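In what follows, a single structure is set out as structure tokens and then discussed.
Residue numbers (the UniProt record's numbering): 1 to 632.
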């Protein structure tokens with residue numbers, strides 16, 4: 001595979017073309033110091049077989065909230081610890097230098113963000129930034145260069161400037177945020193001057209041969225911003241200024257276009273890397289939604305890029321490179337682009353975790369798990385929680401039997417996978433079906449377990465992970481409706497005109513699928529918001545998709561009666577009938593806890609996890625499944 005061919009750029013010999021790009025994991029201390037948690041995260045990915053890593057974001061000033069500290073010499077020993085981790089596994093690494101500009105969230109509430117022009121951002125603080133003076137611009141350029149010197153002293157092989165995502169350098173690039181009339185604004189050359197001067201200053205202070213990379217958007221996807229046409233010209237100017245590689249992203253944080261969710265096809269923005277590559281001769285890295293080594297290989301084979309950045313893919317499975325190299329594709333834990341543990345957490349300044357890999361950020365806790373005395377464990381329910389418990393307990397050395405009432409693993413995620421909003425969820429069950437038998441787990445499909453069947457196994461431990469069932473609301477005529485679960489499972493006939501009662505995640509999933517089939521769909525939601533339980537980084541893209549598909553969304557609206565061909569709703573005290581062929585119930589779920597209650601006192605160790613405790617996200621179920629391995 002070309003993926004595993006070495007490559008040389010900027011005088012660095014890199015063993016393969018898989019890049020771990022920079023990410024704010026929120027694993028540092030509040031002042032940006034490196035923690036063991038951060039080092040362990042990087043070590044697992046280095047050990048897993050990546051070729052190159054970009055570490056970041058690294059802040060060049062002390063007051064920014066978030067990021068690894070690179071603003072003072074006192075942090076060089078901390079930075080060295082990170083570089084040493086990568087070098088131990090023959091991985092080359094760069095430090096990504098960051099100034100947020102108008103996106104700044106500060107520890108000092110009285111501090112005003114700065115930017116090329118006083119234009120407030122539509123996200124984050126929404127505060128009007130102070131327009132930088134020429135002296136301040138030159139001062140920030142020096143700060144970038146000084147941070148690069150620290151990176152070099154700490155042993156990093158290169159530095160990367162973040163000129164993407166809507167941070168300060170990209171604010172200078174963009175005509176949407178740069179309205180200056182001096183030499184740093186106006187023409188494309190002028191708007192690129194800030195970045196060019198930073199590159200020149202780094203070379204002056206670190207030496208001409210010290211490699212400088214940059215991350216840019218191939219298209220800003222913001223109104224009045226740079227399109228791929230201008231970004232190609234900017235890339236050429238940056239190459240002439242001396243960058244050795246260009247890492248191509250898509251959009252800014254504020255772009256109103258899906259960039260990271262399942263609505264982006266795998267490798268869906270590789271075309272931007274190809275466009276930039278056509279304009280420059282330096283190495284180009286493609287990124288966004290590359291979760292599969294086969295997709296990555298195709299991008300390289302087609303010449304769209306020289307390397308591929310696989311951030312969330314490597315959060316989901318640090319061993320992805322190793323498994324791909326050995327041909328163990330069926331054992332890869334694929335990122336499903338759910339954003340529950342990564343993007344949603346970052347947006348809320350929480351530490352990153354992962355639905356398919358709950359061990360991320362907790363590598364030390366789960367190290368060397370070994371049962372002192374192997375136990376017989378019976379797990380009921382092959383959803384994400386039950387399967388994760390089965391995997392971790394089997395890896396620990398216990399003898400595991402798993403009962404699953406259907407013919408496949410994955411639970412409710414298999415229903416979510418029937419929707420265009422959730423198709424990647426199918427990967428979760430597939431992974432467990434491939435891996436559990438290899439770990440010695442005995443999976444009994446098409447077996448509905450009762451207390452008798454569980455006790456007949458004579459288990460030391462029983463784990464109940466039987467999920468939740470659809471809540472049937474006490475609405476007159478509810479027998480005229482079908483459930484969202486039955487619709488997604490293909491067990492219910494649905495006419496051409498549909499009213500979905502309930503606008504949470506499941507209601508949105510079923511509405512999206514029916515609208516995709518060409519049906520006329522209306523969602524009725526009691527609350528003021530549709531998709532209230534959907535994560536912050538995904539919800540707006542779901543609403544956009546539903547709108548594009550013509551789904552009518554009624555909020556603050558209550559279904560009060562279901563007739564054979566209509567749903568009676570109440571809105572602002574007024575009643576009206578919504579004509580439809582089919583009414584679909586999606587008002588939530590209730591825990592299935594009967595079996596747990598029956599087994600109380602009959603098994604020496606009894607646990608319940610996931611939705612049968614209380615309905616939540618799959619992220620919670622897999623975390624609870626993994627944590628059982630720490631207890632049992």
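All residues carry an ideal CB built from backbone N, CA and C; glycine is no exception. It should be emphasised that the depicted structure is a prediction, and the values quoted were computed from it without experimental measurement.
Status (buried if at least 16 other CB within 10 Å, exposed otherwise) for residue i
i	result
residue 33	exposed
residue 464	buried
residue 574	exposed
residue 301	exposed
residue 496	exposed
residue 107	exposed
residue 259	buried
residue 538	buried
residue 501	buried
residue 278	exposed
residue 572	exposed
residue 135	exposed
residue 458	exposed
residue 209	exposed
Check whether residue i and residue j have beta carbons under 8 Å apart
i	j	result
residue 289	residue 337	yes
residue 296	residue 3	yes
residue 157	residue 211	yes
residue 121	residue 102	yes
residue 622	residue 384	yes
residue 568	residue 524	no
residue 555	residue 530	yes
residue 429	residue 446	no
residue 510	residue 584	yes
residue 299	residue 286	yes
residue 331	residue 461	no
residue 98	residue 140	no
residue 490	residue 534	no
residue 626	residue 433	no
residue 595	residue 451	yes
residue 379	residue 402	yes
residue 478	residue 472	yes
Beta-bridge partners of residue i, as assigned by DSSP
i	result
residue 222	Answer is none; residue 222 lacks a bridge partner.
residue 161	97 and 214
residue 575	570
residue 473	Per DSSP, none; premise fails for residue 473.
residue 557	571
residue 72	Beta-bridge pairing links residue 72 to no other residue.
residue 247	215 and 285
residue 583	499
residue 8	13
residue 59	69 and 98
residue 20	53
residue 522	499 and 552
residue 89	Answer by DSSP bridge pairing: none, since residue 89 is not bridged.
Close beta carbons around residue i, own chain, < 7 Å, minus the five adjacent residues each side
i	result
residue 137	184 and 194
residue 276	218, 231, 232, 235, 246, 248 and 284
residue 363	40, 41 and 44
residue 24	57, 66, 67 and 346
residue 590	468, 469 and 471
Close Cβ partners of residue i (< 6 Å) along its chain, the five nearest in sequence each way excluded
i	result
residue 148	159, 202 and 206
residue 16	4 and 51
residue 577	566 and 568
residue 155	80 and 83
Euclidean distance between Cα positions of residue i and residue j
i	j	result
residue 28	residue 68	7 Å
residue 83	residue 493	59 Å
residue 366	residue 72	34 Å
residue 545	residue 348	24 Å
residue 614	residue 37	30 Å
residue 124	residue 22	20 Å
residue 470	residue 514	19 Å
residue 151	residue 310	23 Å
residue 386	residue 326	28 Å
residue 213	residue 409	44 Å
residue 175	residue 188	9 Å
residue 56	residue 520	46 Å
residue 341	residue 480	38 Å
residue 165	residue 250	8 Å
residue 291	residue 265	10 Å
residue 204	residue 60	18 Å
residue 486	residue 353	31 Å
residue 127	residue 261	28 Å
beta-carbon residue i near the ligand HEM non-hydrogen atom, thresh 7 Å
i	result
residue 350	Looking for the ligand HEM in the displayed structure turns up nothing, as the structure carries no ligands at all.
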